[in-house]
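Here the structure is laid out as structure tokens; the discussion comes afterwards.
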Amino acid sequence: MKTLSWLLFGVMVLAQWAAPLHQVIKHEQVLAEGVLVRFKCQAPDPYDPLRGRYLNVAVETARVPLSAVKDLQAGQEVYAEVEIGADGMASFGRITAVPPSGGLFLACRMPRYLYDPVPLELPIARYYLNETAAPAADRWLASLRRDPSKPTWVEVRLLNGLAVIVDIKHDGVSVTEAVRQGGK
Amino acid sequence: MASSHHEWLLTQLPEWEREGLLTADAAAVLRRRAQAAGAHGGQLGLIIFGGIGTVLVAGGIIALLAHNWDSFPRSVRLILGFTPMVTGQVLAAWVVRGGSAIAAWIREAVALFLALSTGACLAVVSQIYSMGGEWEDFLLACCLLAVPVLWLLRSNTLAMFYLLGISVWVQRTSGWWGGHPQDENWKWYSLLLLPLLGWWPGPQWRALQAPPLGFRWVAALCLMMVMVARADLVEVGSLLALAAVYLLLPEPGRSLARQPFILLGSLVLTGCGFVLSLCTASGDKIWHPHKLSLVCWPLAALAAALAVLAIRRHRWPVLVLAPVALLPALSLLLHAGSLWIIATLQLVLAGVLMILPGFRGEEGSPRLGALLVCAVVAAQFANSDLPLTAKGLGFILVGGGFIAFNILLARRHRLPVQP
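First to last, the protein sequences are chains A and B.
So for the first sequence, numbering that gives the first Met the number 0 puts the first residue at 0; every next one is plus one.
So for the second sequence, numbering that gives the first Met the number 0 puts the first residue at 0; every next one is plus one.
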């Protein structure tokens with residue numbers, strides 16, 4: 000009985016380490032080897048009861064015409080090809096059910112209900128900040144939003160369809176830096 | 000028995016001994032039993048307060064670290080995220096090593112701490128890398144990682160939290176809030192049954208004991224909650240089959256308050272029986288089995304097996320009430336005009352069978368049976384086309400009959416009439 004208990008203990012410890020460690024290794028690899036891309040976005044500040052405050056990263060090009068995804072189903076995992084524009088900003092190209100053989104792409108999900116334009120569910124939808132920084136960042140970004148010539152973008156490292164947010168910037172100024180300096 | 004009862008017994012023993020009602024030996028045995036049972040009751044308090052204490056300590060540590068979170072580099076934040084989990088694992092190893100020498104409340108507190116700290120570790124990693132995903136996915140991951148903990152440490156408290164978590168997850172992902180009919184599959188139900196494996200005694204399966212009362216209450220409510228949430232997606236047949244299984248389970252306990260499965264099963268089936276007994280005018284089919292749930296059949300088979308067991312144990316009222324679950328299916332063959340008669344007869348017969356043992360001096364629920372009969376008769380009066388005066392007289396007669404029965408029963412048992 001004791002042997003069975005220690006066996007179960009081993010399985011438990013393995014599972015408890017494997018789940019978070021797998022995520023850590025995967026995301027560290029993306030941060031180390033991924034390509035840096037920028038998506039124009041808006042980033043208001045909602046609240047998650049379990050994981051705290053974050054900026055809701057709403058990528059402007061995440062809405063695609065229904066005709067572009069007519070062969071895909073609601074809720075399906077899909078792959079969006081990432082294309083870099085002349086202004087250095089990224090946007091989405093073809094949406095496919097299988098990963099593209101080369102180039103930049105992002106694994107994402109079709110929404111549960113389909114309407115035109117289709118809002119892709121991106122894995123870079125949240126940028127976590129602390130309880131005081133998130134509302135301050137929200138206020139700072141809202142105060143600057145009126146000038147369309149100075150965009151807000153999210154900087155993302157991209158590798159094999161997986162993305163990790165590095166920072167959110169407005170006209171080249173990091174939101175975390177701005178908040179640290181009092182939003183000036 | 001509640002600990003207050005044990006205290007009362009301990010205060011009474013010297014007097015009974017003086018009066019010669021008990022011998023010194025008998026009093027000593029009773030005293031030992033009451034003290035042991037009282038100590039067990041006290042442990043429940045320790046478990047609850049141990050659990051609350053664990054949650055508060057974990058919450059406090061998290062709050063302290065959260066205050067300085069942004070000033071730590073990513074590696075330090077990761078180490079801090081893993082530290083509570085590793086502490087929990089060390090404590091769990093200590094509990095496993097200690098075996099049965101470790102107090103139940105410590106085992107419960109360690110299990111709860113380990114499960115919460117594992118969830119916190121996942122949350123911290125998810126937060127550090129700004130990972131997407133819904134909170135339902137996070138809840139499922141936390142629940143699944145808690146399963147080996149509750150198996151290993153045999154924690155009732157964690158098992159209850161697990162059941163609540165999984166039920167909420169099933170509700171959110173497949174119930175009224177966003178379910179798809181194609182979501183119907185076995186994972187919902189198998190996930191709910193996972194904690195039960197922790198109580199499996201191995202080869203000595205005859206030593207299998209019923210889970211504690213608190214766990215049974217949570218399990219009965221959660222499973223019913225999941226089935227109710229999915230009733231619109233699947234069909235009402237599964238819900239009624241589950242209620243029949245609940246009702247027929249040979250559950251320990253002398254009162255309905257200590258038999259949550261039987262209580263919930265009887266409430267659902269009695270309610271269903273009442274609704275059907277009042278469907279006198281409708282000519283429509285009551286049940287529209289657009290899609291038969293896969294889970295309906297094993298539940299029906301389990302109910303049939305439990306019915307055989309109930310026949311061997313002479314649980315007649317239960318055996319009369321349980322087939323109410325079949326009435327919606329019977330509506331496919333019969334006109335609702337005849338269905339209400341069957342439902343009414345079943346409820347009345349169940350009530351009478353609950354009354355009879357009480358008059359034979361056996362264990363039964365005569366007052367509950369009388370209440371059921373009176374309620375059925377009163378409901379039929381209310382639902383009839385009789386003039387209001389006749390209905391009024393009917394109510395007076397039923398009420399009077401119920402009071403007279405209560406007095407008769409009290410006299411028979413030589414008990415004072417309770418107001």
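Yeah, the Cβ is synthetic: ideal placement off N, Cα and C, and Gly gets one too.
Residue range of the alpha helix (DSSP H) that includes residue i
i: Phe-38 of chain A; result: First-last for Phe-38 of chain A: 34-41, but that is the beta strand (DSSP E), not the alpha helix (DSSP H).
i: Leu-140 of chain A; result: 132-143
i: Ser-429 of chain B; result: In this structure chain B extends from 0 to 418, so residue 429 of chain B is not present and cannot be described.
i: Tyr-245 of chain B; result: 235-247
i: Val-94 of chain B; result: 73-97
i: Thr-95 of chain A; result: Premise fails: Thr-95 of chain A lies in the beta strand (DSSP E), 89-95, not in any alpha helix (DSSP H).
i: Lys-390 of chain B; result: 387-411
i: Gln-379 of chain B; result: 365-382
i: Leu-128 of chain A; result: Note, Leu-128 of chain A: premise wrong, no alpha helix (DSSP H); not H, not E.
i: Leu-318 of chain B; result: 315-320
Residue i in three-state terms, based on DSSP
i: Pro-297 of chain B; result: helix
i: Tyr-161 of chain B; result: helix
i: Gly-132 of chain B; result: coil
i: Cys-271 of chain B; result: helix
i: Ile-123 of chain A; result: coil
i: Asn-55 of chain A; result: strand
i: His-21 of chain A; result: helix
i: Arg-179 of chain A; result: helix
i: Leu-20 of chain B; result: coil
i: Pro-327 of chain B; result: helix
i: Leu-344 of chain B; result: helix
i: Ala-162 of chain A; result: strand
i: Gly-74 of chain A; result: coil
i: Ala-145 of chain B; result: helix
i: Leu-195 of chain B; result: helix
i: Gln-170 of chain B; result: helix
i: Met-109 of chain A; result: coil
i: Cys-221 of chain B; result: helix
i: Leu-9 of chain B; result: helix
Beta carbon of residue i nearer than 9 Å to that of residue j
i: Pro-122 of chain A; j: Ala-96 of chain A; result: no
i: Asp-115 of chain A; j: Leu-157 of chain A; result: no
i: Val-77 of chain A; j: Arg-108 of chain A; result: yes
i: Val-56 of chain A; j: Ile-167 of chain A; result: yes
i: Tyr-53 of chain A; j: Ser-129 of chain B; result: yes
i: Ala-218 of chain B; j: Glu-250 of chain B; result: no
i: Thr-269 of chain B; j: Leu-192 of chain B; result: no
i: Ala-73 of chain A; j: Ile-94 of chain A; result: no
i: Val-148 of chain B; j: Ala-110 of chain B; result: yes
i: Val-317 of chain B; j: Leu-246 of chain B; result: yes
i: Leu-277 of chain B; j: Trp-339 of chain B; result: yes
i: Leu-255 of chain B; j: Leu-367 of chain B; result: yes
i: Leu-103 of chain A; j: Glu-130 of chain A; result: no
i: Ala-136 of chain A; j: Thr-175 of chain A; result: yes
i: Pro-194 of chain B; j: Ala-158 of chain B; result: yes
i: Ala-324 of chain B; j: Phe-273 of chain B; result: no
i: Gly-264 of chain B; j: Leu-241 of chain B; result: yes
i: Val-376 of chain B; j: Gly-393 of chain B; result: yes
i: Gly-236 of chain B; j: Ala-328 of chain B; result: yes
Sequence-distant residues of its chain with Cβ nearer than 8 Å to residue i (five each side left out)
i: Ala-119 of chain B; result: Ala-57, Ile-61, Gly-80, Pro-83, Met-84
i: Leu-348 of chain B; result: Val-319
i: Gly-87 of chain A; result: Arg-37
i: Pro-118 of chain A; result: Ala-61, Arg-62, Pro-110
i: Cys-221 of chain B; result: Leu-162, Leu-163, Ile-165, Ser-166, Leu-191
i: Ile-310 of chain B; result: Leu-318
i: Leu-70 of chain A; result: The sequence shown places Asp at residue 70 of chain A, rather than the Leu named in the question. Cβ neighbours of Asp-70 of chain A beyond the five flanking positions: Ala-96.
The beta strand (DSSP E) enclosing residue i, as first and last residue numbers
i: Val-155 of chain A; result: 151-158
Per DSSP, cross-strand counterpart(s) of residue i
i: Phe-104 of chain A; result: A:Glu-80
i: Val-351 of chain B; result: Partner(s): none; Val-351 of chain B has no beta bridge.
i: Lys-168 of chain A; result: A:Trp-152, A:Ser-173
i: Pro-118 of chain A; result: A:Arg-62
Chain-order list of residues whose beta-carbon lies under 6 Å from that of residue i (same chain, five-residue window excluded)
i: Thr-10 of chain B; result: none
i: Glu-18 of chain B; result: none
i: Leu-77 of chain B; result: none
i: Thr-117 of chain B; result: Met-84, Leu-144
i: Gln-181 of chain B; result: Below a pLDDT of 50, predicted positions are generally treated as unreliable, and Gln-181 of chain B, at 45, falls in that range; the measurement from the model is reported next regardless. Excluding positions up to five away in sequence, the list is empty.
i: Leu-408 of chain B; result: Pro-365
Beta-carbon contacts of residue i that lie in its chain and below 7 Å, excluding the five residues immediately before and after
i: Leu-248 of chain B; result: Phe-260, Ile-261, Leu-305
Residue i CB to nearest heavy atom of the ligand HEM below 8 Å
i: Asn-159 of chain A; result: This structure lacks the ligand HEM; in fact it carries no ligand of any kind.
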